[in-house]
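Counted from 1, the sequence shown has number 230 at position 231 by numbering that gives the first Met the number 0; the numbering is strictly sequential. Don't be surprised by glycine CBs; every beta carbon is placed ideally from N, CA and C.
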Amino acid sequence: MSSLQGKKILLGVTGGIAAYKGPDLVRRLRDAGASVRVVMTASAAKLVAPTVFQAVSGEPVRTDLWDEGAEAAMGHIELARWADVVVIAPATAHTMAGLAAGLAADLLGTLCLVTRAPLVLAPAMNHSMWEHPATRANHGVLAGRGVRFVGPAEGAQACGETGVGRMAEPAEIVEALRGLAGAAAGLLAGTRVLVTAGPTREPIDPVRFVSNRSSGKMGFAVARAAAEAGAEVTLIAGPVTLPTPAGVARIDVETAAQMHEAALARVASAHIYVGAAAVSDYRPDVVAEQKIKKSSDTLNLSLVRCPDVLADVAALDQAPFTVGFAAETEKLEAHALEKLHRKHLDMIIANVVGGGLGFDRDDNSATVFWQGGQEDIGQTSKCELARRIVALIATRYSATRSATTPIRSPRAGGRR
Ligand code: CTP
């Protein structure tokens, strides 16, 4: 059975020439068993008549926020809540900018602010517009919020030029939606997941601290992906400036000791623990009560070890399925496997950092290792990387639960 069977899809059509492929997309979605309702922007309605979409969708087409008759039949809030997924194809540069800024200037923008359904964009624009720093920035903002992108593809464009900016073909968009429906089918339904994210700060004096370059983006993306997969997620976050993903309970901490305390206090009820935080390994031995004055040419800080949250979680008698991260500047596999074994982890996600890679970026690649297996995930957005990681965690977690013999060295007690 198609995973799109019975799905309610809200299709936004905006003013790109590729709007002419929209009716084909609607037909394919309906053939796959989905119900489709179409919302067009004013520009889109100049390119393709709304009656065409009405004929292929079998539903009235909305073009205007102020249409009293349409609002009486199904108000825009109701329409936004009706959708299982919102897909905008084609999505113009203007539409991406409006979404990134959170504009509710028209019906489609308003619906996108109201809906809690996943949002999928199939951008279509001239390649120079796609490459423009403004569009790059908007793409980053939207991807960082969990918006999925299909395409754009490279090739001949309506303007006669060639480059990246062609809308993905309708068949490809349907495939992406099928994948999304499969992922959302509740891979982690019924599980409780505890995630740590971000750096920690270890105070030196009232105004200074020791910390690291972690932005928290990877851990937040994992928390979001786990929530999307149906888990009940608690996120313990170090000091970062990221918004809390929808449906995730967040606890803010500052130091490694606070993160340790927060994690150990909650881990008993978690089925899965993902340690994505870059927890400080050392903290100043003594925290000066007053600001340290620059009275000498050199200053020595005496540092002592911080608690290892991940190792302590994995060492519990009733340890959850425990996942760690290894950010390495060299010998990725050797260091990652050493950590997997030394800390008794079920899985480790290893990536290369330094030289512009890893920290404080919107994309990343990783190799995931577990006892007896590994998988490479190529360069992609941190959101997509997180979804792939969550899918692997779900697979390994259910394999370990159903296994008659433990796949890792047994400890007293065992996994819940
Ligand atoms: N971690 C932790 N508590 C710490 C240090 C690290 O929970 N005090 C977790 C991180 O969240 C991550 C993993 O351990 O999942 C990283 O392993 P680790 O060996 O500590 O990595 P590094 O700190 O990079 O260690 P090293 O400097 O030895 O490479």
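Run the proximity test for residue i: is its beta-carbon closer than 7 Å to any non-hydrogen atom belonging to the ligand CTP?
i, result
"A325", "yes"
"G15", "no"
"P306", "yes"
"G274", "yes"
"D280", "yes"
"K338", "yes"
"T195", "yes"
"A255", "yes"
"L302", "no"
"A309", "Strictly speaking, residue 309 in this sequence is Leu, with Ala absent from that position. Yes, since a heavy atom of the ligand CTP falls inside the 7 Å radius drawn around the Cβ of L309."
What residues match up with residue i in a beta bridge as DSSP calls it?
i, result
"D311", "Note: D311 sits in no beta bridge, so no partner."
"S34", "K7"
"D66", "Partner(s): none; D66 has no beta bridge."
"E332", "In the DSSP output, where bridge partners are listed per residue, E332 has none listed."
"L193", "T233, Y272"
"D321", "First, the residue type needs correcting, since residue 321 is Thr and not Asp in the sequence shown. DSSP lists Y272 as partners of T321."
"M39", "V12"
"V209", "E201"
Rounding to the nearest angstrom, what Cα-Cα distance links residue i and residue j in this structure?
i, j, result
"R207", "E253", "13 Å"
"L24", "A71", "28 Å"
"D280", "Q4", "50 Å"
"F324", "G185", "24 Å"
"V312", "R36", "48 Å"
"A230", "E77", "26 Å"
"E227", "A48", "36 Å"
"G368", "P319", "The sequence shown places Phe at residue 368, not Gly. Cα-Cα distance, rounded: 17 Å."
"Y19", "V51", "10 Å"
"A104", "V85", "17 Å"
"A17", "R147", "19 Å"
"G215", "I203", "22 Å"
"A69", "A31", "27 Å"
"G412", "S127", "Bear in mind that a pLDDT of 41 at G412, under 50, signals an unreliable position, so the number given afterwards is only what the model happens to contain. Approximately 59 Å, taken between the alpha carbons."
"A269", "T321", "10 Å"
"T240", "P198", "11 Å"
"A326", "L102", "38 Å"
"H75", "L106", "7 Å"
"A222", "Q289", "38 Å"
"F219", "I8", "27 Å"
"T243", "P306", "26 Å"
"L98", "V266", "37 Å"
"G274", "A196", "7 Å"
"S301", "Q257", "20 Å"
"M217", "I271", "17 Å"
"H343", "A314", "7 Å"
"M346", "A136", "33 Å"
"W65", "K45", "18 Å"
"R407", "E171", "Confidence is the limiting factor: at R407 the pLDDT is only 41, short of 50, which leaves the residue's position unreliable, though a coordinate-based value still follows. In a straight line, the C-alpha of R407 is about 40 Å away from that of E171."
"L391", "G150", "24 Å"
"A225", "E383", "12 Å"
"Q317", "A255", "22 Å"
"S210", "S56", "54 Å"
"E130", "T161", "13 Å"
"R410", "L339", "Legend: pLDDT at R410 = 45, less than 50; position of this residue unreliable, value from coordinates given subsequently. So the two alpha carbons sit approximately 15 Å from each other."
"A100", "V308", "38 Å"
"R27", "P169", "8 Å"
"Q370", "R387", "18 Å"
"V173", "A310", "43 Å"
"Y396", "A236", "24 Å"
"A276", "R200", "12 Å"
"K292", "P205", "12 Å"
"A88", "I376", "27 Å"
Under 7 Å from any heavy atom of the ligand ZN, does the C-beta of residue i make it?
i, result
"S294", "This structure lacks the ligand ZN; the ligands present are the ligand CTP."
Q) Counting Cβ pairs, one atom from each stretch, are 3 or more of them under 8 Å apart for the region 387-402 and the region 330-343? A) no
Q: Could you name each continuous beta strand (DSSP E) segment of 3 residues or more that falls completely within the region 261-312, going from the start of the chain to the end?
A: 271-274, 281-283, 302-304
Q: Please confirm if the region 3-19 is in contact with the region 35-47, defined as three or more CB-CB distances below 8 Å between the two stretches.
A: Yes: the two stretches touch, three or more of their Cβ pairs being nearer than 8 Å.
**Q.** Runs of alpha helix (DSSP H) wholly within the region 231-261 (minimum 4 residues, chain order)
**A.** none
(Q) Between the region 49-66 and the region 83-92, can you find at least three pairs of beta-carbon atoms closer than 8 Å? (A) no
(Q) Using 8 Å as the cut-off, can you tell me whether the region 212-232 makes contact with the region 189-202, which would need three or more C-beta pairs spanning the two stretches below that distance? (A) yes
Q | contact_flag[the region 107-118, the region 149-161] where n(CB pairs < 8 Å) is 3 or more | A | no
Q: Kindly confirm or deny that the region 116-125 and the region 340-356 touch, where touching means at least three C-beta pairs closer than 8 Å.
A: The region 116-125, when compared against the region 340-356, does not touch it at the 8 Å Cβ threshold.
Q | Uninterrupted beta strand (DSSP E) stretches inside the region 337-382 (no shorter than 3 residues) | A | 346-351, 362-369, 372-380
**Q.** beta strand (DSSP E) runs contained entirely in the region 76-108, provided each spans 3 or more residues
**A.** 84-90
(Q) List, from N- to C-terminal side, the alpha helix (DSSP H) runs of 4 residues or more that fit wholly inside the region 118-171. (A) 126-130, 132-143
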